[in-house]
Amino acid sequence: MIVTAPTTAFTRAAAPSAFAAPSPGVAFAHALVEVEHARDGVLAGQFDQLPTIDAAIAHATEGFALLAPDAAFDPARKQAQGALRELQGARYHVDNLDRGTTDVTLHQHLAVEWLGQARGYLTEIAATLA
């Protein structure tokens, strides 16, 4: 009998609802892992990254919701808003790639760029929360 693991897309898509992050730092770390996975996939020509980007958005949204409302977390909140904005932009371009756009080079380049910007914001959040 051969036992196989679930596909990455299924595992990643289920991740946000499977368990709650205990802290905003953990949620943003999960988002960062998803962003790096999606960016690597798009760079490799694997354009079926929408579930991975959606998981990153879910984790970043969860992290944003877990941030305390005091002024000490204002920098992290602004970085989280930037990360979410970049992830939405990346999602748009990956969606075009996944649907078979004729301008693959442009959308691939822009998706990688937006994911890279989101990665930068998430890395800054990790430093801010550390």
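Take 113 as the starting number for the sequence shown in my numbering and just add one per residue.
Note that beta-carbon positions come from the ideal geometry of N, C-alpha and C, so glycine has one too.
Only a predicted model underlies this, so the values are computations on that prediction, with no experimental measurement involved.
| query | result |
| --- | --- |
| Figure out for me which residue from Leu209, Ala242, Ala239, Gly232 has the closest Cα to the Cα of Gln158. | Leu209 |
| In the DSSP assignment, find the unbroken alpha helix (DSSP H) run with Leu199 in it and report its ends. | 186-210 |
| For Ser273, which of Ala183, Gln161, Glu148, Thr173 has the nearest alpha-carbon? | Missing from the structure shown is residue 273; the chain here goes from 113 to 242 and no further. |
| Is DSSP giving Asp215 helix, strand or coil here? | coil |
| Starting from Leu144, trace the alpha helix (DSSP H) in both directions and tell me its first and last residue. | 136-155 |
| In angstroms, rounded to a whole number, what distance separates the CA positions of Arg151 and Lys190? | 22 Å |
| Can you tell me the Cα-Cα spacing of Asp215 and Val206, whole angstroms? | 12 Å |
| Does the Cβ of Gln220 have 16 or more other Cβ atoms within 10 Å, making it buried, or fewer, making it exposed? | buried |
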